[in-house]
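Residue numbers (this note's numbering): -7 to 400. Think of the CB as a built atom: it goes at the ideal place given N, C-alpha and C, for glycine as much as any other residue. Computed from a predicted structure; not experimentally measured. Structure record follows, encoded as structure tokens.
This is how it looks when you write it as structure tokens:
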């Protein structure tokens, strides 16, 4: 017959309580709360959740995959590692989402064959993993969807300013993937079209005249110079192998994004990969119809731009690098690496571009092209072409002679 100990029930109760405390530490909900309140663990958990959204980090760029791997490594030494969920427990679904966030990252290689590629979703995930991209993307989306207290509509100038900041400061590796990601289904294409929040930054009731939009653009030196850059880098050519006179798809797309946030902001007009245009029309252009059609055609009927959009991400896509930049355009530095075009031909080309964009501008205003202050990462400003400087000097000489004659 066994001997009963009066304290046995108390000991058993204390043991069970201790066991519950130990097991609670392995509860993924408790571990998740603990991680979320820790300043070191919390950002890694957020990064991990972005990595496993959809089909995992395997399709992200090398930089993003590296950040995902670092987050997993750090969390393996946190309370999350080894945490479990009990079937039928309260908030079982939340518990399992925490569990699989970590374990899906570890075993994602076995699921690669079953994954369906969605480049636009992957681009969004990659942006959210990068601090600068995520921060500036959040800023412009917030600015573009927040209604003003007075009108209830979005603040269009603030929205466009935030968009310019995003595309000017975030590396093209992220911005181009978001904006030009290839799509094979309607949902993906619509997500791509919505990238710049077109309801605020693009659409505005009835379409204004493209000639009006061009005049507004010409009055702003940044817009004017960026339009010239776009027309140079995306100039079509029937004799070029890839349809671009300058032969560089990457430079064309970079110049295209430089227009976003300006008066002539372009966007996808439907869910087709190559159908883009600014929000304007040539239906009421009158005697300026030809000029209007030429401008709009640079977006809607441009083999260079269309090929650049269609070929984005393929081996034929030629992305610009720091050591391979396209020839400078009006308003930008002449110290950048030039193409094989000779200097006189380059100057003549620049003059032709200016003449096309500014057909009625006075000489004094022509001399001011490139005198605006561009964003910090834009190319430096250069002087005007030598021919214009000579005209200015000649004008000053005539003025001095006139003053001398009057003085006598």
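Note to self: Does the contact criterion of 3 or more C-beta pairs under 8 Å hold for the segment 215 to 232 versus the segment 289 to 305?
What the structure shows: yes
Next item on the list: Quick one: give me the first and last residue of the alpha helix (DSSP H) that residue 149 is part of.
Entry: 148 to 161
Check: Would the beta-carbon of residue 253 fall within 8 Å of that of residue 153?
Finding: Contact: yes.
Check: Which residue or residues does DSSP assign as beta-bridge partners of residue 268?
Finding: 260
Next item on the list: Taking residue 164 as part of the alpha helix (DSSP H), name the residues at either end of that continuous run.
Entry: Its alpha helix (DSSP H) spans residues 164 to 172.
Check: Do the segment 199 to 218 and the segment 169 to 176 meet, that is, are 3 or more Cβ pairs less than 8 Å apart?
Finding: no
Check: In whole angstroms, what separates the C-alpha of residue 76 from that of residue 91?
Finding: 7 Å
Notebook entry, point to check: Would the segment 232 to 240 and the segment 186 to 205 be scored as touching if the rule is three or more Cβ pairs under 8 Å?
Noted result: no
Note to self: Please state whether the Cβ-Cβ distance between residue 175 and residue 112 is less than 8 Å.
What the structure shows: yes
Margin query: Quick check on residue 180: does DSSP put it in helix, strand or coil?
Written below: helix
Next item on the list: Figure out for me which residue from 65, 225, 150 has the closest Cα to the Cα of residue 140.
Entry: 150
Next item on the list: Check each candidate in 19, 73, 18 and name the one with the smallest Cα separation from residue 37.
Entry: The closest CA to that of residue 37, considering only 19, 73, 18, is found on 73.
Item checked: DSSP state of residue 273 mapped onto helix, strand, coil -> strand
Notebook entry, point to check: Counting along the chain, where does the alpha helix (DSSP H) carrying residue 77 start and finish?
Noted result: Counting along the chain, residue 77 falls outside any alpha helix (DSSP H), and DSSP gives it neither H nor E.
Check: Below 8 Å between beta carbons: does that hold for residue 136 and residue 201?
Finding: If you check the CB distance, residue 136 and residue 201 do not come in under 8 Å.
Check: Would residue 164 pass as a contact of residue 246 if the rule is Cβ separation under 8 Å?
Finding: yes
Item checked: Closest residue to residue 18 among 224, 33, 78 (Cα-Cα distance) -> Among 224, 33, 78, the Cα nearest to that of residue 18 belongs to 78.
Next item on the list: Leaving aside the five residues before and after residue 71 along the sequence, list all residues of the same chain whose C-beta is less than 6 Å from its C-beta, in chain order.
Entry: Cβ neighbours of residue 71 beyond the five flanking positions: 23, 26.
Check: Taking the Cβ atom as the reference point for each residue, do residue 272 and residue 281 lie within a distance shorter than 8 Å?
Finding: no
Next item on the list: Within the same chain, show all residues whose beta-carbon is closer than 6 Å to that of residue 66, passing over the 5 residues directly before and after it, in chain order.
Entry: 36
Margin query: Taking only three categories from DSSP, how would you classify residue 217?
Written below: helix
Checklist line | Residue range of the alpha helix (DSSP H) that includes residue 299 | finding: 295 to 302
Next item on the list: Closer than 8 Å by C-beta to residue 83: which residues in its own chain qualify, once you throw out the five before and the five after it? Chain order, please.
Entry: 21
Margin query: Whole angstroms are fine: how far does the CA of residue 132 sit from the CA of residue 191?
Written below: 13 Å
Next item on the list: Can you tell me which of the three DSSP states residue 175 falls into?
Entry: coil
Checklist line | Separation of residue 32 from residue 195, as counted between CA atoms | finding: 42 Å
Check: What is the rounded straight-line gap between the Cα of residue 278 and the Cα of residue 285?
Finding: Going from the Cα of residue 278 to the Cα of residue 285 covers about 11 Å.
Note to self: Rounded to the nearest angstrom, what separates residue 63 and residue 95 at their Cα positions?
What the structure shows: 12 Å
Next item on the list: Pull up the distance between the alpha-carbon of residue 283 and that of residue 250, whole angstroms please.
Entry: 22 Å
Check: Can you give the Cα-Cα distance for residue 203 and residue 305, rounded to whole angstroms?
Finding: 34 Å
Checklist line | For residue 43 and residue 126, the rounded distance between their alpha carbons | finding: If you take the alpha carbons of residue 126 and residue 43, they lie about 13 Å apart.
Next item on the list: Report the option in 263, 241, 290, 300 whose CA atom is closest to the CA atom of residue 182.
Entry: 263
Margin query: Am I right that residue 158 and residue 129 are in contact with their C-beta atoms under 8 Å? What's the rounded C-beta distance?
Written below: Your pair residue 158 and residue 129 checks out as a contact, with CB atoms roughly 6 Å apart and the cut at 8 Å.
Next item on the list: Please classify residue 155: is it buried, with 16 or more other beta-carbons within 10 angstroms of its beta-carbon, or exposed?
Entry: In summary, residue 155 is buried, with 16 or more beta-carbon neighbours lying within 10 Å of its beta-carbon over all protein chains present.
Checklist line | Cβ neighbour criterion (16 or more within 10 Å) applied to residue 93 | finding: buried
Notebook entry, point to check: How about residue 300: is its Cβ closer than 7 Å to a heavy atom in the ligand GDP?
Noted result: Summarising the ligand content, the structure contains no ligands, and the ligand GDP is consequently not present.
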